[in-house]
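Data block below; observations after.
Protein chains: 2
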Amino acid sequence: MNPKALFNISYGLYIVTSKNGDNINGQTANALIQVTAEPPALAIGLNNKNLTNEYIKKSKVFVVSILSQDAPLNMIGQFGFKSGRDTDKFENINHKQGKTGAPIILDNTLAYLEAKVTHEMDVGTHTIFVGEIVESDVLKDGKPMTYAYYHQVKRGTTPKTAPTYQKEEIKPASSTRYKCFICGYIYDQEKGDPDGGIAPGTPFEDIPDTWTCPTCGASKDQFKKV
Amino acid sequence: MNPKALFNISYGLYIVTSKNGDNINGQTANALIQVTAEPPALAIGLNNKNLTNEYIKKSKVFVVSILSQDAPLNMIGQFGFKSGRDTDKFENINHKQGKTGAPIILDNTLAYLEAKVTHEMDVGTHTIFVGEIVESDVLKDGKPMTYAYYHQVKRGTTPKTAPTYQKEEIKPASSTRYKCFICGYIYDQEKGDPDGGIAPGTPFEDIPDTWTCPTCGASKDQFKKV
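These protein sequence lines map, in sequence, to chains X and C.
In this note's numbering, each residue carries its 1-based index in the first sequence increased by 15.
In this note's numbering, each residue carries its 1-based index in the second sequence increased by 15.
This is the structure we're talking about:
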């Protein structure tokens, strides 16, 4: 078996949100498909350890916000590498309450889909939720963020709880690279971190100490040369 | 509800095959995700009317062949717009028997994944099959075909049995267009049909009568000016 075969599956990148009473939470997700046309329904796979999974099981609703290609890494990291058990993921994120009561992300979102769960299936570490779409709209024109773009162009990393997590991720070769030991993000001097205000070519030593990992928010001292 | 929101979900394009005793069949599919990492497992949504769905329910195995971006429309159409009940879809298609007994497509395939079904869930018109991967390999390097590329660049159409089928598909504007009334494919003079040997700029009237619809194989007299 060659695990690299799996890298050829194509995905988008989404923030999936839900609610539990007055609480809201959300997480990044890639494992989303439309599964029927009549009625229009979605299927999404989420890790059983994640708080959003727990909220969907309780409230039976979820919202998918479809990210645009220009969504910054730190926004994706805020929803992907942190837990809503420890942090308010919606701090500094524009959002509104949807018809289902779950939040719709407004920043860097092309379109959203609100769904009521009709079926769920536990498949081991993850659950597949199937939801009929009860509301949807397009917020702006643009290219959707794809999982390939996130990895290849934005050089994003994958949380351990994702269905697509691989123990050894393939990193691009580079001579001046520093790795975040919290999430695995690589700072590459040649590319910098334009989303975080660091121009391409900036040596790691010259980055201000206030800079944080664009993916998980770890401080600069969590990085080591690799 | 705005159905255009659904157009922002990203997919790849695959041929999913299965077997039933000595018979084999396959179909194009886009609704595929990896759903767990340990063990590596896939989920795929297939229409309950399709023969491949029937074969998977019986044999509990399926193979996903991941198409490359240069796969021709007529190959995708052969597996997407015809039924294995009426035609031998594997005619002129190189393939080999996989470990599961289901066929692996060798033409225009970047990688394949063989799976044994562990869970299935009927969700109305479609069934979601979850399968643990028992064998996989990469056959060649290249870009995977995405659903967006198939529609926007290759101008492919969607079968009525697909989970993503829309009654009114959005067509690019053009002055000299002919529509296939079998599958909805649009011949656009400006773009021609390079995969079928018709150069860009060729008027529809000048196309040889032996030419057939690149998507579904219908004859030239099934086209009408639109």
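Ideal Cβ placement from N, Cα and C applies to all residues, glycine included.
Nothing here was measured: the structure is a model prediction, and the numbers come from that model.
Given X:PRO118, which residues of its chain have a CB within under 8 Å of its CB, disregarding the five upstream and five downstream residues? THR32, LYS34, ILE39, GLY41, VAL78, PHE105, HIS110, LYS111, GLN112
Assess, as a yes-or-no matter, whether the segment 133-142 of chain X is touched by the segment 51-69 of chain X under the definition of 3 or more beta carbon pairs within less than 8 Å. yes
Using 8 Å for Cβ pairs, my map puts C:LEU245 next to C:ILE24. What's the rounded Cβ distance? It is not possible to answer for residue 245 of chain C, since the shown part of chain C is limited to 16 through 241.
Interface partners of X:ALA56 on chain C, CB under 7 Å: VAL138
Status (buried if at least 16 other CB within 10 Å, exposed otherwise) for C:MET160: buried
Return no unless some Cβ of chain B is closer than 7 Å to the Cβ of X:ASP152. In summary, chain B is missing from the structure at hand, where the protein chains are X and C.
If you measure from the beta carbon of X:ASN68 to each beta carbon in chain C, is any gap under 7 Å? no
Quick one: what's got a C-beta closer than 8 Å to C:GLN237's C-beta in the same chain, skipping five residues either side? CYS195, PHE196, ILE197, CYS228
Any contact of the segment 141-155 of chain C with the segment 202-213 of chain C, i.e. 3+ C-beta pairs under 8 Å? no
Decide if X:THR225 is buried, meaning its Cβ has at least 16 other Cβ atoms within 10 Å, or exposed. exposed
Verify the CB distance criterion: does C:ASN123 have a CB-CB separation below 7 Å to chain X? no
Out of X:PHE96, X:ASP210, X:GLU220, X:SER151, state which residue places its alpha-carbon closest to the alpha-carbon of X:THR176. X:PHE96
For C:ASP210 versus C:LEU88, is the C-beta spacing smaller than 7 Å? yes
Three-state class that DSSP yields for C:ASP137 in the structure shown: strand
Out of curiosity, what's the CA-to-CA distance linking X:GLY60 and X:GLN167? 23 Å
Anything in chain C within Cβ reach of X:HIS141, meaning under 8 Å, just list it in chain order. VAL50, THR51
Would you mind telling me which residues of chain X sit closer than 9 Å to C:ASN63, beta carbon to beta carbon, in chain order? None at all; the shortest Cβ gap to chain X is about 10 Å.
How close, in whole Å, do the beta carbons of C:GLY116 and C:ALA130 come, if the pair is a contact with beta carbons under 8 Å? About 12 Å; that fails the 8 Å criterion.
Looking only at C-alpha atoms, which of X:VAL241, X:LYS239, X:PRO174, X:LYS235 sits nearest to X:SER98? X:PRO174
Please report whether the beta-carbon of C:LEU82 lies at a distance below 7 Å from any beta-carbon of chain X. no
If you draw a straight line from the alpha carbon of C:ALA58 to that of C:GLN49, how long is it in whole angstroms? 6 Å
Could you pull out every residue in the same chain whose Cβ sits closer than 7 Å to the Cβ of C:HIS134, ignoring the five residues on either side in sequence? VAL145
Give the range of the beta strand (DSSP E) segment to which C:GLY254 is assigned. The shown model of chain C, from 16 to 241, leaves out residue 254 of chain C, and the question about it has no answer.
Return yes when the Cβ of C:MET90 is within less than 7 Å of the Cβ of X:GLU150, no when it is not. no
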